[in-house]
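Participant: Top to bottom, those sequences are chains A and B.
All residue numbers for the first sequence refer to the numbering used here, where the first residue is 1 and numbers rise by one.
All residue numbers for the second sequence refer to the numbering used here, where the first residue is 1001 and numbers rise by one.
Cβ atoms here follow ideal geometry from the backbone N, Cα and C, with glycine treated the same way.
For clarity, every value in this text was computed on a predicted model and none was experimentally measured.
For reference, the structure I am asking about is given below.
Number of protein chains: 2
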Amino acid sequence: MPETIPSDSVGLVTPQRHHFTEPLALDCGRELPQYELVYETYGTLNAARSNAVLICHALSGDHHAAGYHSPQDRKPGWWETCIGPGKPIDTNRFFVVSINNLGGCKGSTGPVSLNPDTQRPYGPDFPIITVRDWVHSQARLGELLGIQQWAAVIGGSLGGMQALQWAITYPHRLRHCVVIASAPKLSAQNIAFNEVARQAIMTDLDFHAGHYYEHNVIPRQGLMLARMLGHITYLSDDSMRSKFGRELREGKLNFSFDVEFQIESYLRYQGRSFVDRFDANTYLLMTKALDYFDPASEHDHDLAAALAGVTARFLVMSFTSDWRFSSSRSKEIVRALLDSQKHVTYLDIDADDGHDAFLMPIPLYLAAFKAYMKTVADEGDELAN
Amino acid sequence: MPETIPSDSVGLVTPQRHHFTEPLALDCGRELPQYELVYETYGTLNAARSNAVLICHALSGDHHAAGYHSPQDRKPGWWETCIGPGKPIDTNRFFVVSINNLGGCKGSTGPVSLNPDTQRPYGPDFPIITVRDWVHSQARLGELLGIQQWAAVIGGSLGGMQALQWAITYPHRLRHCVVIASAPKLSAQNIAFNEVARQAIMTDLDFHAGHYYEHNVIPRQGLMLARMLGHITYLSDDSMRSKFGRELREGKLNFSFDVEFQIESYLRYQGRSFVDRFDANTYLLMTKALDYFDPASEHDHDLAAALAGVTARFLVMSFTSDWRFSSSRSKEIVRALLDSQKHVTYLDIDADDGHDAFLMPIPLYLAAFKAYMKTVADEGDELAN
C-alpha cells in the first residue's frame, strides 16, 4: 500500500462471503447443489436501495475491484482507476457490489473448492459455467442484499458480456447497462487464441487431466504460456512499440535463446507471476464462458431480436487500438440496440493501449464514464426522494 | 500426385545436394567448417546464364517449391501456385533455384545433422543463423551453379527478408528483387508471438534443452502449440470467419473441453501434422532469424541509408488483410527505396487470406506478378542476345 492511502481510494476493504443453499440450475444441464460467492462492497446503500451498481469482472479478475485488503498491500483492486470517491463509479454516491464469479479461484465456489459429493476438489468435474449462469448467481446475491433493481450493471471485456446478458435476462432489474471493450460473441480468431491457451494448459504433463491438486503440482508451463499469449492480445501493436519497441535488454544480440528483447522479458514475467495467483482449471472455464457467449444464437443469430425485451439504457465504449474486441464489435451491439429502438450512448475512444485500455486512466474515457454515471446517480437520488 | 500431372506443373523433380568445404563465417562470430545445401532447380539455364532466379523460403518452407517428388506425392511443392510453365515464375523462361536454408530440417545442414566435432546431432549447439548468413550461403550456391547475377531473387515473408538482404549485401548479383508480404524488421508484437512459440517448445519436458534426439523423443506438445499459434497469425480474422465462423463440429455445444468449434479442429490438425514433418530446433532458429533481421540497425535505424547501395529494381507486394506483416510494413520498404532514389513497383492487393495470401491463387496477385516477371524474363533474353 502507498504510505498513505490516496484520498480518492475506498481504502481498506474486507471481502464478504455468502453460502447459497438453493441449488442453481446451469445451462449445461447440471446443477450446483450449493455454492459460495465472495464479494466486496464499497459505498453505502441508500434507504431506497436505488444506488446499487454491480461490477462484473473479466477473465482473470475477481471481486477485489477497488481499495486495499491490508496496509501491506502493494496494489489496489483491479479497477481502482474507475471506482472510488469522485471517480466515474463514485463511491460517495453509489453502493458498489463486486463479485468473484462462480468457477473462480479467489474464494467463490470453483474447481479448487471441495466437491461435497466426493470431498475432493472439483477440479475438471466443476461444471462449465456460462455467462448466463453467472448472471443468475449474481441475481441471487442482489436478492440477498435486498436490491430489487441495480442502478447499473457494469463490466469490461467478459464483464461487459455479463452486463449485456443481465439486460437480456433480467430486463427490469437494471436501469443502466455499461458495456466496455466487449463483443456480442467471440470471433473465430478469438476462439482460436482461447483454444491455443487451453491446449497449452491441457497438454502440460502436470495437468493430470485437471486433477493436478491431488498430485501437488500445477500445470505451470501451460498456464504461463496461456497468460503470455493473452497479454499479446491485451496490448496493441502500437502500445507494444511504444513500451518495448525492439529494445534489447543488454543492448546487443547475444545469439542465444535467453531473453534478449524487452518484450520477451515482460511476457515471461507476466506469465510467471500469473501462475502463482491463478488456477488453471478456472482459466479453462473462463475461456469456455467466453467462447460460448452468443445471446443472438437463440434468436436465429439476430442480436436485435435478442435485445427486443431490453429496458435498460446503455453506455457502450470501445477503444480504437483494441484488436481483441475491436470497436467494430461494440458497434454490432450499438447497431442491434438501435435496430430494436433502445436507448444507447456510444463512445469509441482514441487510445493506444489496446484491450487493456478499459483499465487505464485515459482522460476522455474517465470523463465520459463519469459524466454518464453522474446522470445514473442523479436518477438514483430522484428515485429515493 | 494427381492422376495426371497438370500441364502447368514442373512435374517430377529431384532434389540435389552439394557439400561445401570452405568454412562459412557467421554473424554470431562462429563458423560452420563445412555444410551441405539441398536444392531443387526447375527450367533450363540459358547459355548466357541470364535467366536464373533464386527462391527464398519462409519459416516452415524448404527447397521443394514446385512439382512432385514421386508419383505417390499427394501435394506439390509449396509455391506450385507461382512456379511452373506459364506461371508468374515461368519455368519455360526461367531457370529456378530453390534452396533449403542452413539450419533447416529438410536436408541442408542444421540441428538434426551430425556435428563433425562430436559425431552427435548439433541440436541446440547449431549456431544461430541470420538472414545475412543465409544470403552468404545462397551466394555460394549461385557461384557453384555458375550464376554471376540472378535475374531475380524472390521471397515471401521471411523469404522476402532474404531477398531484401540480397539486394543490400550483393547489390550487383541480382537485377530484380521481389519482396512479398514481408517487413524490414519485426515489430514488438511479432517478436512476442515468436517468444511464446519458443517458450512453448523450450518448456516442453521432452525438449531436454534441445538434445531430444538423443532421448528418442520430440517436444511434440510445444511444437504443436507453436504451429497452432503461427496459424492464427497466418490467417486474417475475416478469412477465419469465412472459413470457420463459429461453426460447431457437432452442431451443438457439448459443455466439455473436447473440440467443439471447427476452428479448434483445424488448429489441432495443423499443429499435430506439423510435428511429424518439422524439427523443433529448426523452428527455434527460424524464429530467431526473424527476430534478428533489421538491416537498418547498422545504419542508425535509417532503412533508406541501408538501401543506399542497392542497384536491383524492386517489386514489393502486400495483402490488405495480412496482419502479421501488414501493408504498412511493406510501405516502409517502399518509402525507404523511394527515399534513396531506387526503382520500385508496389502493389497492395485486396485479399481476405491474411499473411497466407502470398501462397494463394489470387487472380490480381498472379497477374501482376506474371506481368512483372515477364519483363524480367524479356530482359534476361536481351542480355543473352
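#1: On the DSSP bridge list, what partners appear for A/ARG313?
#2: Could you give the first and the last residue of the continuous alpha helix (DSSP H) run that contains B/LEU1223?
#3: Take A/PHE193 and list the residues in its own chain whose beta-carbon comes closer than 7 Å to its own, dropping the five residues that flank it on each side.
#4: At a CB-CB cut-off below 9 Å, which residues of chain A make contact with B/LYS1185?
#5: What are the complete beta strand (DSSP E) segments, minimum 3 residues, inside the region 285 to 333 of chain A?
#6: What are the boundary residues of the alpha helix (DSSP H) that includes A/THR375?
#7: Could you spell out the range, first to last residue, of the beta strand (DSSP E) harbouring A/ASP27?
#8: Just the Cα atoms here: how many angstroms apart are B/LEU1383 and B/THR1320?
#9: As an exercise, report each continuous beta strand (DSSP E) stretch of at least 3 residues that is fully enclosed by the region 1069 to 1118 of chain B, in chain order.
#10: Could you check how far apart the C-beta atoms of A/THR81 and A/MET360 are, in whole angstroms? I think they sit under 8 Å.
#11: Does any residue of chain A bring its CB to less than 9 Å from the CB of B/SER1256?
#12: I need the straight-line Cα distance from B/GLU1260 to B/ASP1300, nearest angstrom please.
#13: Let me know the secondary structure DSSP gives B/ILE1154 once reduced to three states.
#14: Taking contact to mean at least 3 C-beta pairs separated by less than 8 Å, is the region 1237 to 1252 of chain B in contact with the region 1120 to 1134 of chain B?
#15: Under 9 Å between C-beta atoms, does A/VAL196 make it to chain B?
#16: Sorted by chain position, which residues of the same chain lie with C-beta nearer than 6 Å to B/LEU1303's C-beta, five sequence neighbours on each side aside?
#17: Beta carbons nearer than 7 Å to chain A: which residues of the region 1120 to 1131 of chain B have them?
#18: Closer than 9 Å, CB to CB, is B/HIS1299 near chain A or not?
#19: Taking only beta-carbon positions, decide if B/HIS1057 is within less than 9 Å of chain A.
#20: With A/VAL310 and A/TYR346 assumed to form a contact (beta carbons below 8 Å), what rounded beta-carbon distance in angstroms separates them?
#21: Considering just the uninterrupted stretch of the alpha helix (DSSP H) at A/LEU414, what are its terminal residues?
#22: On the DSSP bridge list, what partners appear for B/THR1345?
#23: Rounded to whole angstroms, what's the CA-CA distance from A/GLU332 to A/ARG30? Just pull it up for me.
#24: Tell me, which residues are paired with B/ILE1055 by DSSP?
#25: Counting Cβ pairs closer than 8 Å, one from the region 1037 to 1045 of chain B and one from the region 1123 to 1133 of chain B, do we hit at least three?
#26: If you draw a straight line from the C-alpha of A/MET1 to the C-alpha of A/SER7, how long is it?
#27: Is there contact here, the region 100 to 108 of chain A with the region 48 to 64 of chain A, by at least three beta-carbon pairs under 8 Å?
#28: Short check: CB of A/PHE255 to CB of B/CYS1028, under 9 Å?
#29: Under 7 Å Cβ-Cβ, which residues of chain A neighbour B/ALA1188?
#30: Using the beta-carbon of each residue, which ones in chain A are nearer than 7 Å to B/TYR1292?
#31: Provide the residue(s) that pair with A/HIS18 in DSSP beta bridges, ordered along the chain.
#32: Chain B partners of A/THR203, CB-CB under 7 Å?
#33: Using a Cβ distance threshold of 8 Å, determine whether the region 1151 to 1168 of chain B contacts the region 235 to 244 of chain A, with at least three qualifying pairs required.
#34: For chain B, check one thing: does any of its Cβ atoms lie closer than 9 Å to the Cβ of A/HIS19?
#35: Candidates A/PHE278, A/MET240 and A/GLY146: which alpha carbon is nearest A/GLN386's?
#36: Using a beta-carbon distance cut-off of less than 8 Å, what residues from the region 160 to 173 of chain A approach chain B?
Facilitator: So, from the listed chains and residues:
#1: A/ARG313 pairs with A/HIS176.
#2: That run of the alpha helix (DSSP H) goes 1220 to 1234.
#3: The beta carbon of A/PHE193 sits closer than 7 Å to the beta carbons of LEU229 and THR233 from its chain, once the five residues preceding and following it are set aside; these are given in chain order.
#4: Result: ARG246.
#5: Taking only runs of at least 3 residues, the beta strand (DSSP E) segments lying wholly in the region 285 to 333 of chain A are 313 to 319.
#6: Note, A/THR375: alpha helix (DSSP H), 363 to 384.
#7: Membership of A/ASP27 in any beta strand (DSSP E) is not indicated, and neither H nor E is assigned to it by DSSP.
#8: It is roughly 36 Å from the alpha-carbon of B/LEU1383 to the alpha-carbon of B/THR1320.
#9: If one requires a minimum length of 3 residues, the beta strand (DSSP E) runs lying completely within the region 1069 to 1118 of chain B are 1095 to 1099, in chain order.
#10: So it is a contact: roughly 7 Å between Cβ atoms.
#11: It does; some Cβ of chain A falls within 9 Å.
#12: Between B/GLU1260 and B/ASP1300, the C-alpha separation is close to 50 Å.
#13: If DSSP states are grouped into helix, strand and coil, B/ILE1154 belongs with the strands.
#14: Pairwise C-beta distances place the region 1237 to 1252 of chain B out of contact with the region 1120 to 1134 of chain B, as fewer than three of them are shorter than 8 Å.
#15: Judged by the 9 Å Cβ criterion, A/VAL196 is in contact with chain B.
#16: If we look at B/LEU1303 and ignore the five residues flanking it on each side, its Cβ neighbours are PRO1184, ALA1296 and ALA1336.
#17: Contact annotation: in the region 1120 to 1131 of chain B, residues whose CB is within less than 7 Å of a CB in chain A are ILE1128.
#18: Any Cβ of chain A closer than 9 Å to the Cβ of B/HIS1299 would place that residue at the interface, and such an atom is absent.
#19: Taking 9 Å as the threshold, the shortest C-beta distance from B/HIS1057 to chain A does not fall below it.
#20: Wrong, their Cβ atoms sit about 15 Å apart, outside the cutoff.
#21: Nothing about residue 414 of chain A can be read from this structure; chain A reaches only from 1 to 385.
#22: Partner(s): B/LEU1315.
#23: Within the model, the alpha-carbon separation for A/GLU332 versus A/ARG30 is close to 32 Å.
#24: Answer by DSSP bridge pairing, in chain order: B/SER1098 and B/ILE1154.
#25: Flag = no, the region 1037 to 1045 of chain B and the region 1123 to 1133 of chain B do not touch.
#26: Low confidence applies to A/MET1: its pLDDT is 47, below 50, so where it sits in the model is not reliable, and the reading given next is rough at best. Whole-angstrom Cα-Cα distance: 13 Å.
#27: Contact holds: three or more Cβ-Cβ distances are below 8 Å.
#28: Yes, they are a contact pair.
#29: What B/ALA1188 touches in chain A: MET240, ARG241, PHE244, GLY245, ARG246 and ILE263.
#30: What B/TYR1292 touches in chain A: LEU253.
#31: Bridge pairing for A/HIS18: A/LEU37 [DSSP].
#32: Ordered by position in chain B, the residues that pass the 7 Å Cβ test against A/THR203 are GLN1221.
#33: Of all C-beta pairs linking the region 1151 to 1168 of chain B to the region 235 to 244 of chain A, fewer than three are shorter than 8 Å, placing the two stretches out of contact.
#34: It does not: the Cβ of A/HIS19 has no partner Cβ on chain B nearer than 9 Å.
#35: Nothing can be reported for residue 386 of chain A, as the shown portion of chain A is limited to 1 through 385.
#36: None of the residues of the region 160 to 173 of chain A has a beta carbon lying less than 8 Å from any beta carbon of chain B.
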